[in-house]
Structures are given as structure tokens and as C-alpha cells.
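*Asks:*
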Amino acid sequence: MPVGIPGLTGFDHFGFTVPDLDEAHSFLVDVIGCEYLYTLGPFQDDTGGWMAEHLNVDPRTVMRELRFYACGGRAIFEVFQYEAKEQNRASPLNSDIGGHHVALYVEDLDTAITYLESKGVKILGEPTVSKGPSLGQRWVYFVSPWGMHFELVSYPTGKAFFSPGYIRPESPNALGK
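Start counting the sequence shown at 1; every next residue gets the next number (full-length UniProt numbering).
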């Protein structure tokens, strides 16, 4: 019997909040190369509790605008700009609860890094060569103008994880069972 959400077929979109939607738009479209799809908003509920009940934010929060972008294949970004009275404007570190990053697959990591550097994007360190199940992969993080972490990842010849006969460490066969 399957375990998990009945009917789950895949990942639909990734939503995140930015301090300046026009700045994010320029970065996503002009630097990353995403395709702008459409805009919604503003949304607010001046008398009820819809915002708190449905989005877990202060009831008087205003969702100024949200925009949708397609980015390579099926990836969709849902990008919000909110106004909230006690909004935390600091981007979380990857080590913070709720910390995150968005990984973008590229065919040629070095070419992609050179391109981002030419656009003034901050690259975090040198590319890392993965080992173990990710052998064959190289990756590097970079930072958006608003402080959100992104990752470039490339494995043009595949990863060990995808190799026939590779046993994932969590599989029963890896434990000798």
C-alpha cells in the first residue's frame, strides 16, 4: 500500500518573499533568464482573519503583489511582496530554521559562473566536487540582490546515485538485509 499524499504527482511551484518585487523581477528575468508569466494582487483583509487563517501571517498583512515566473522546464517561482507590521526583513541563513536555497541545473558550471560574475552576482567560494552518491556533480552557491541563496549544480555525465546497481544508503540492501 503506498505511503504519502494520495495522488501526488510532482512538485508544482516554489514561493518566496522579496523586499522589492521590481528588483527581483529584473534579477529573475534579466540575469537568471526566467520567463515572466503573470501578476496577481494586491490582496488584503481589513476586517476578517483570512490572511491569518490561510497564510499564517498577521491578519492585517497586505500582499502587495505576487508574480509568477517559469524557470527552465517546469520550475515555477511564485514571488511575493508583502507589507506586514512586524515583518522580518533578514534573509535566513541556510543553517536557520526555514533556511533554504533554490538549486538551478546548468549544463556547464564554469560558463554559468563566469556569466553570473559578469552580471555582478556574488558567488560563494569555488565550485565543490561532490563525492559518494553525488559523485559526478559539481556545485556552487550564489546570492540574489535581496540575500536569498541559490545554487548552480551540474552533473553532465550523471551522478553515482543514478548509476545502475548503486544502492542508496537508506535502502534495506545497504544494511545487508
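Note that CB positions come from ideal geometry on N, CA and C, so glycine has one too. Note that the structure is predicted; figures quoted are calculated from it, not measured.
Name, in chain order, the residues that DSSP records as bridge partners for T114.
*Replies:* Answer is none; T114 lacks a bridge partner.
*Asks:* Nearest-angstrom Cα distance between P42 and I76?
*Replies:* If you take the alpha carbons of P42 and I76, they lie about 20 Å apart.
*Asks:* Kindly confirm or deny that the segment 101-116 and the segment 38-52 touch, where touching means at least three C-beta pairs closer than 8 Å.
*Replies:* no
*Asks:* Could you check which residue in G136, G72, A70 has the C-alpha nearest to that of S163?
*Replies:* The residue with the shortest Cα to Cα distance from S163 is G136.
*Asks:* Could you check the C-alpha separation between G33 and V121 for me, to the nearest Å?
*Replies:* 14 Å
*Asks:* So is A90 buried or exposed if we call it buried at 16+ other beta carbons inside 10 Å?
*Replies:* exposed
*Asks:* Three or more C-beta pairs closer than 8 Å, one from the segment 141-151 and one from the segment 121-133: is that the case here?
*Replies:* yes
*Asks:* Helix, strand or coil for G15, going by three-state DSSP, please let me know.
*Replies:* strand
*Asks:* M148 and F14 - do their beta-carbons sit closer together than 8 Å?
*Replies:* When the beta-carbon positions are compared, F14 and M148 stay at least 8 Å from each other.
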